[in-house]
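*Asks:* Residue numbers (this note's numbering), protein chains in the order written: chain B, 1 to 780; chain A, 1 to 151.
Just so it is clear, CB atoms sit at the ideal spot from N, CA and C, and this is done for glycine as well.
It should be emphasised that the depicted structure is a prediction, and the values quoted were computed from it without experimental measurement.
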Amino acid sequence: MLHFYILLPFLAALLIGMFAKKVNRIHTGWLVLPIPVVLFIIFCLKLPVLAEGKIVQSTADWIPSLDIQLSFYLDGLSMLFSLLITGIGSLVVLYSIFYLSRKEQLTHFYVYLLLFMGSMLGVVLSDNVFVLYTFWEFTSISSFLLIGFWFYRDRSTYGAQKSMLVTVFGGLSMLGALILLSITAETNSIRMMIANRSDILESDLFIPILILLLLGAFTKSAQFPFHSWLPDAMEAPTPVSAYLHSATMVKAGLYLVARFSLIFSGTDTFFIIVSGIGLITLCLGSFLASRQTDLKGILAYSTISQLGMIMAMLGFGTGTAILAAIFHIFNHATFKGSLFMIAGIVDHETGTRDIRRLGGLYTFMPISATLAFIGAFSMAGVPLPIFNGFLSKEMFFDSSLKLEQTAGLAGTFAEWIPILAVVGSIFTFVYSMYLVFGTFLGKQNTDQLEKKPHEAPIGMLLSPIVLIVFVVVVGLLPNLINEPLLAPATAAVTGDLPHIHLAFWHSLNTPFYMSLTVVGIGTLLAFTLKKWQPLYNRIPGKFSSDHWYQTIVNGLLRSSKSITEFYMTGSLRLYFSIILVFLVVSTSIFMYFTEGFTISVDDLAPITWPEVLVGFVMAVAAIATIWMNQRIAAIIVIGVVGYGLSLLFVFFRAPDLALTQLIVETITVALFLLCFAHLPKLKTSDKAISEKLIDFIIAVSTGALLTIVAIASHSSKSFESIAKYFVDNSYKLGGGDNIVNVILVDFRGLDTLFEIAVLGLAALGIFAMIKYRDKGDMNQ
Amino acid sequence: MQSRSNDLILKTTTNIIVFVILAFSVNMLFSGHNAPGGGFIGGLMGAGAFLLLYVSYGLKPVHRILPINFNYMIAAGLLTAVITGAGSFVLGVPFLSHTFGYFYLPLLGKTELATAMLFDLGVYLTVIGVTMTIILSIAEDKIEKVEEEGN
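#1: Could you check whether the Cβ of A/A139 sits closer than 9 Å to any Cβ belonging to chain B?
#2: Between A/L44 and chain B, is any beta-carbon pair separated by less than 9 Å?
#3: Report the option in B/L435, B/N331 and B/G381 whose CA atom is closest to the CA atom of B/A369.
#4: Can you confirm whether B/V742, when its beta carbon is compared against all beta carbons of chain A, has any partner nearer than 9 Å?
#5: Examine chain A for any beta-carbon lying closer than 9 Å to the beta-carbon of B/K771, and answer yes or no.
#6: Bridge partners for B/Q57 per DSSP, in chain order?
#7: Return helix, strand or coil for A/F70, following the three-state DSSP convention.
#8: Using a Cβ-Cβ distance cut-off of 9 Å, determine whether A/T12 contacts chain B.
#9: Among residues of its own chain, excluding the 5 on either side of B/N188, which ones have a beta-carbon nearer than 7 Å to its beta-carbon?
#10: Does DSSP put A/S3 in a helix, a strand or coil?
#11: What's the C-alpha gap between A/P94 and B/L645?
#12: Taking 9 Å as the CB-CB limit, is A/G109 close to chain B?
#13: Could you name the residues of chain B that A/V93 contacts, counting a contact when the two beta carbons are closer than 8 Å?
#14: In this structure, does DSSP put B/N128 in helix, strand or coil?
#15: Would you list the one or two residues that DSSP bridges to A/E112?
#16: Tell me which residue opens and which closes the alpha helix (DSSP H) that B/N24 is part of.
#17: Buried or exposed: where does B/H547 fall if 16 or more other Cβ atoms within 10 Å of its Cβ makes it buried?
#18: In the DSSP assignment, find the alpha helix (DSSP H) that holds B/N331 and state where it starts and stops.
#19: Could you check what DSSP says for B/P9 in three-state terms: helix, strand or coil?
#20: Tell whether a beta-carbon distance below 9 Å holds between B/L467 and B/F373.
#21: For a cutoff of 9 Å on Cβ pairs, would you count A/L78 as touching chain B?
#22: Tell me whether B/D67 sits in a helix, a strand or coil according to DSSP, three-state version.
#23: Under 9 Å, Cβ to Cβ, is there at least one residue of chain A near B/L671?
#24: Beta-carbon of B/Q780 versus every beta-carbon of chain A: anything under 9 Å?
#25: Within 9 Å (strictly less), CB to CB, does B/D728 reach chain A?
#26: Using 8 Å as the threshold, is the stretch 206-213 of chain B in touch with the stretch 106-120 of chain B, meaning 3 or more CB pairs across them?
#27: Could you run through the stretch 633-658 of chain B and flag, in chain order, every residue whose CB is less than 7 Å away from some CB of chain A?
#28: Considering only residues of the same chain and omitting the five flanking positions on each side of B/N779, which have a CB-CB separation below 6 Å?
#29: In whole angstroms, what separates the C-alpha of A/M1 from that of A/F70?
#30: On the three-state DSSP scale, how would you describe B/S198?
#31: Pick from B/S559, B/H714 and B/S701: whose alpha carbon is nearest that of B/L604?
#32: In whole angstroms, what is the alpha-carbon distance linking A/S3 and B/R573?
#33: According to the neighbour-count rule (16 or more other Cβ atoms, all chains shown, within 10 Å of its Cβ), is B/Q105 buried or exposed?
#34: Say whether the stretch 546-561 of chain B touches the stretch 308-319 of chain B, bearing in mind that this needs 3 or more beta-carbon pairs closer than 8 Å, one atom from each stretch.
#35: Give me the chain B residues within the contact set of A/P36, using Cβ-Cβ distance strictly less than 7 Å, ordered along the chain.
#36: Taking 8 Å as the limit between beta carbons, can you name the residues of its chain near B/F590, skipping five residues before and five after?
Next comes the structure, spelled out in structure tokens:
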């Protein structure tokens with residue numbers, strides 16, 4: 001049945017695409033809404049099955065010869081993500097019904113959104129790595145389409161292109177990793193790979209596999225230094241930002257790391273890369289978030305930082321850390337989704353998202369403001385039992401402290417990790433406060449706003465309310481979701497079921513003191529924000545990831561352009577030189593290494609004086625052609641070579657060839673004369689002496705090479721000639737004495753057939769070229 | 001072309017020589033199987049005969065007496081060759097299988113007839129068509145140009 005769940009959004013996208021225009025009485029969103037809701041309910045009904053430790057799976061053949069099966073399975077981790085995708089998907093669709101006016105291209109929007117939903121479900125449910133990759137790229141493409149939804153805006157297309165380039169770069173690296181994995185583990189199924197864990201860990205390809213795979217995960221999850229696409233993706237409509245860029249797609253990278261963590265977890269390389277990058281992203285993202293002035297910009301950097309935190313916990317790899325990571329994935333989806341929706345509401349009701357122009361909105365929109373306060377406090381980890389963010393942050397501190405007990409590198413760095421965690425959290429606190437206080441409290445400047453602010457319609461508030469209810473309920477009663485949802489998910493990542501009871505109040509332990517420190521320093525910094533904010537301007541732009549992205553993209557464009565311009569000059573002379581030089585170099589290298597050059601004189605015919613004489617005349621004529629100053633003279637001198645050749649044919653007893661050569665040469669010369677009469681006089685060469693010298697060297701070496709090849713190939717005949725057969729059978733089988741002609745029309749008649757076809761084509765080509773060319777052009 | 005002088009000697013010799021060349025060309029075609037020659041050289045020779053006519057009489061008069069479209073001749077030649085080759089299918093042998101035999105014909109006596117001859121005829125016609133098409137296209141174009149410039 002899993003196939004059908006994944007197929008459903010795709011089918012719906014098809015139907016919506018075809019029929020939505022027909023139903024123009026109601027908003028298209030209402031047609032879409034049942035799909036994620038139904039899927040959400042179906043997935044919820046599977047929860048008891050998972051709680052028993054079983055998994056749901058189904059398989060169908062796709063490309064059996066390559067061992068690529070559409071095999072899907074639903075374990076705890078997939079379940080968590082499926083519920084997020086369908087649950088938040090439903091809320092986002094509901095929100096978008098009120099957010100997007102019916103003047104927008106709604107059909108496009110919902111088709112892209114359903115495509116995204118289906119492919120995201122495919123990513124989290126796939127067992128076959130190549131199917132996983134297929135859906136992975138589908139999410140990149142549908143995300144690209146959604147970011148560029150307002151395609152007439154430059155910023156949108158820029159953001160869409162940037163996210164496409166970054167995520168597809170990562171996706172392709174991931175494909176490389178998956179191919180290497182499937183070679184090393186000799187299977188395409190993720191579960192079989194986990195079973196063959198030791199093969200992968202002991203293989204020489206371990207490091208490349210890990211790095212390529214993590215490149216995929218880091219680009220998708222906007223980790224340092226690939227985070228810069230996420231802030232630019234904020235040009236998408238707000239429902240998209242809430243759905244893709246906070247709750248689902250950016251977590252695909254986390255899913256990937258979690259999914260493969262049973263293979264890699266516990267190795268030092270995995271820890272150092274994943275935790276290291278995660279912590280850097282955490283600190284950098286939260287540090288840069290307070291610099292933003294756009295509400296969605298703040299939220300984008302906040303997402304980056306929170307994803308970094310989860311990534312760091314996945315890297316720790318201990319049971320507590322994984323549970324905390326899973327818990328935070330859930331929590332982040334709830335509060336970040338609601339915050340995005342509220343940012344959208346503020347934008348919708350005031351006409352701006354610029355925090356410098358907003359302020360004091362609490363009196364106008366009390367419900368939104370309350371929701372925003374709860375969401376932001378949860379994000380900041382304010383130590384109150386009603387915020388789920390606090391619980392997971394506490395667990396983060398706790399897991400960072402417990403690393404000392406683990407062996408290997410993790411133990412070595414153990415002292416530093418809590419400090420980094422606290423630093424990152426302090427800034428998280430600062431931007432959360434900056435976000436809500438800057439928007440909803442302080443001075444009112446309604447005169448600067450385009451619209452008079454007022455509370456949003458209830459339909460728009462419904463989705464953030466539901467999410468905030470989750471924040472509070474999970475904050476109060478975390479064990480409500482622990483048993484059915486978080487424990488199976490943790491079990492899927494670590495391999496055994498955790499027995500951790502989530503509770504708000506442990507005791508006065510170190511993590512709690514860390515939280516207090518965060519709140520203390522954070523409050524101080526938040527109050528003095530205006531004083532130290534100018535410091536941001538001191539950071540040179542060179543260090544930003546945006547700057548690097550631009551430098552790389554521009555550099556690639558410039559260098560490929562200059563490389564192309566370097567050799568694609570349009571000069572035929574240059575192309576011809578390149579072709580000849582390549583021919584000479586490659587052939588001579590080949591002959592040198594295969595020792596292909598041999599001379600044997602066993603098989604040579606005696607040379608007679610007439611042959612020498614004709615050959616000499618031909619050589620002189622050929623050389624003389626170069627010095628001719630007039631075309632006609634050159635043509636006639638070339639004619640000498642042709643007639644000399646037909647004489648040679650006579651000497652070598654080839655009468656048919658001699659006759660043909662004679663007539664063809666005559667006609668060629670006549671044609672040359674006809675055509676060349678139109679051309680201007682030959683210019684006396686004004687080329688520099690060095691260019692002439694290069695031409696001379698290329699020409700001589702080509703000639704020398706071909707001579708050597710001819711001699712060598714004559715001297716090293718490997719097989720008897722088949723000519724004897726023709727001589728013997730020409731009369732018997734072909735009924736003719738003229739062996740040449742019998743070969744041409746009988747033994748090898750097919751060649752002749754196509755040669756006359758070539759002639760016919762050439763004639764028709766010339767005919768068409770002359771008769772049907774544009775007469776206008778000719779007169780110019 | 002109007003200013004052409006009356007090349008009486010050229011035209012008279014052409015009248016005779018054209019037939020000699022044509023006869024030689026046909027001879028080349030027929031004798032090709034046993035002596036140097038064949039469809040290709042024969043065809044080039046034949047084209048030479050036609051060319052001589054065009055050179056001495058000009059384009060329009062020759063068009064009038066010999067209303068041949070040489071484009072069609074290419075098609076005819078290729079068709080002859082293909083049909084000859086395909087004829088072998090009738091007897092259930094591979095494409096382009098040839099056969100020959102000796103027959104007593106009236107006037108000629110014992111004669112060798114080979115299907116390869118028909119194939120060579122295709123080559124012959126194609127080569128004439130090709131050569132003439134190329135040269136006439138270029139020549140007619142030059143004349144049109146001269147006329148345009150004259151006008």
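*Replies:* Here's the rundown:
#1: The residue given as residue 139 of chain A occupies position 139 in the second sequence. Answer yes: the Cβ-Cβ gap between A/A139 and chain B drops below 9 Å somewhere.
#2: As a working mapping, residue 44 of chain A is identified with position 44 in the second sequence. At a cut-off of 9 Å between beta carbons, A/L44 contacts chain B.
#3: Working through the first sequence from its first residue, we reach residue 369 of chain B at position 369. Nearest option by C-alpha distance: B/L435.
#4: Taking the first sequence and counting its residues from 1, one reaches residue 742 of chain B at position 742. So yes, B/V742 belongs to the interface.
#5: The residue labelled residue 771 of chain B in the question sits at position 771 within the first sequence. Yes, its Cβ sits closer than 9 Å to a Cβ of chain A.
#6: Walking along the first sequence from the start, residue 57 of chain B turns up at place 57. Under DSSP, B/Q57 shares a beta bridge with B/Y73.
#7: Sequence index remark: in the second sequence, residue 70 of chain A carries index 70 (1-based). DSSP places A/F70 in helix when its eight states are reduced to three.
#8: Numbered from its first residue, the second sequence carries residue 12 of chain A at position 12. Between A/T12 and chain B, the shortest Cβ-Cβ separation is not below 9 Å.
#9: Walking along the first sequence from the start, residue 188 of chain B turns up at place 188. Cβ-Cβ distances below 7 Å link B/N188 to D67, I68, N128, V129, F130 and S182 in the same chain, with the five nearest sequence neighbours on each side left out; the list follows chain order.
#10: Here residue 3 of chain A refers to the residue found at position 3 when the second sequence is read from its first residue. In this predicted model, A/S3 has a pLDDT of only 49, less than 50, meaning its place in the structure is not dependable enough to derive any value.
#11: Position 94 of the second sequence holds residue 94 of chain A. Position 645 of the first sequence holds residue 645 of chain B. A direct Cα-Cα distance of roughly 37 Å separates A/P94 from B/L645.
#12: For this step, residue 109 of chain A is matched to residue 109 along the second sequence. Not a single CB atom of chain B sits nearer than 9 Å to the CB of A/G109.
#13: For the purposes of this step, residue 93 of chain A is taken as residue 93 along the second sequence, with counting starting at 1. The contacting residues do not exist; A/V93 stays about 13 Å from chain B at best.
#14: Walking along the first sequence from the start, residue 128 of chain B turns up at place 128. Strand at B/N128.
#15: As a first step, residue 112 of chain A is located in the second sequence; it is residue number 112 there, counting from the start. Bridge partners of A/E112: A/Y102.
#16: Here residue 24 of chain B refers to the residue found at position 24 when the first sequence is read from its first residue. For B/N24, no alpha helix (DSSP H) segment is defined, and its DSSP state is neither H nor E.
#17: The residue you call residue 547 of chain B lines up with position 547 of the first sequence. That one is exposed.
#18: As a first step, residue 331 of chain B must be located in the first sequence, where it is residue number 331. Where B/N331 is concerned, the enclosing alpha helix (DSSP H) stretches over G319 to T350.
#19: As a working note, residue 9 of chain B is residue 9 in the first sequence. The DSSP-derived three-state label of B/P9 is helix.
#20: Position 467 of the first sequence, counting from 1, holds the residue named residue 467 of chain B. Position 373 of the first sequence, counting from 1, holds the residue named residue 373 of chain B. No, the pair does not count as a contact, with Cβ atoms beyond the cut-off.
#21: Along the second sequence, one-based indexing puts residue 78 of chain A at 78. Closer than 9 Å: yes.
#22: Walking along the first sequence from the start, residue 67 of chain B turns up at place 67. Note: B/D67 maps to coil in three-state DSSP.
#23: In the first sequence, the residue the question calls residue 671 of chain B occupies position 671. Answer yes: the Cβ-Cβ gap between B/L671 and chain A drops below 9 Å somewhere.
#24: For this step, residue 780 of chain B is matched to residue 780 along the first sequence. Low local confidence applies: a pLDDT of 41 at B/Q780 is under 50, so the model's placement there is unreliable, and no value is given.
#25: Counting from 1 along the first sequence, the entry for residue 728 of chain B is found at position 728. Taking Cβ atoms only, chain A never reaches closer than 9 Å to B/D728, which makes this a no.
#26: No, they do not touch.
#27: For the stretch 633-658 of chain B, which is checked against every Cβ of chain A, the residues closer than 7 Å are P655 and D656.
#28: For the purposes of this step, residue 779 of chain B is taken as residue 779 along the first sequence, with counting starting at 1. Caution is warranted here: a pLDDT of 49 is assigned to B/N779, below 50, making its placement in the model unreliable, and no coordinate value can be reported.
#29: Residue numbering aside, residue 1 of chain A sits at position 1 when the second sequence is read from its first letter. Residue numbering aside, residue 70 of chain A sits at position 70 when the second sequence is read from its first letter. Any reading at A/M1 must be qualified, since the residue scores a pLDDT of 46, below 50, and its modelled position is unreliable; no value is offered.
#30: Taking the first sequence and counting its residues from 1, the one referred to as residue 198 of chain B is at position 198. Looking at B/S198 - three-state DSSP - the assignment turns out to be helix.
#31: The residue you call residue 604 of chain B lines up with position 604 of the first sequence. B/L604 has its Cα closest to that of B/H714, out of B/S559, B/H714 and B/S701.
#32: To locate residue 3 of chain A, count along the second sequence from 1; it is residue 3. To locate residue 573 of chain B, count along the first sequence from 1; it is residue 573. Reliability of the predicted coordinates at A/S3 is poor, the pLDDT of 49 falling under 50, and the value obtained from them is presented with this limitation in mind. Straight-line Cα distance between these residues: approximately 44 Å.
#33: Looking up residue 105 of chain B in the first sequence gives position 105. With fewer than 16 other Cβ atoms inside 10 Å of its own Cβ, B/Q105 counts as exposed.
#34: Fewer than three beta-carbon pairs drawn from the stretch 546-561 of chain B and the stretch 308-319 of chain B are found closer than 8 Å, and the two stretches are therefore not classed as touching.
#35: Numbered from 1 along the second sequence, position 36 holds the residue referred to as residue 36 of chain A. Those within 7 Å of A/P36 in chain B are P655, D656, L659 and N738.
#36: As a first step, residue 590 of chain B must be located in the first sequence, where it is residue number 590. In chain order, G596 place their CB closer than 8 Å to the CB of B/F590, counting only its own chain and leaving out the 5 sequence neighbours on each side.
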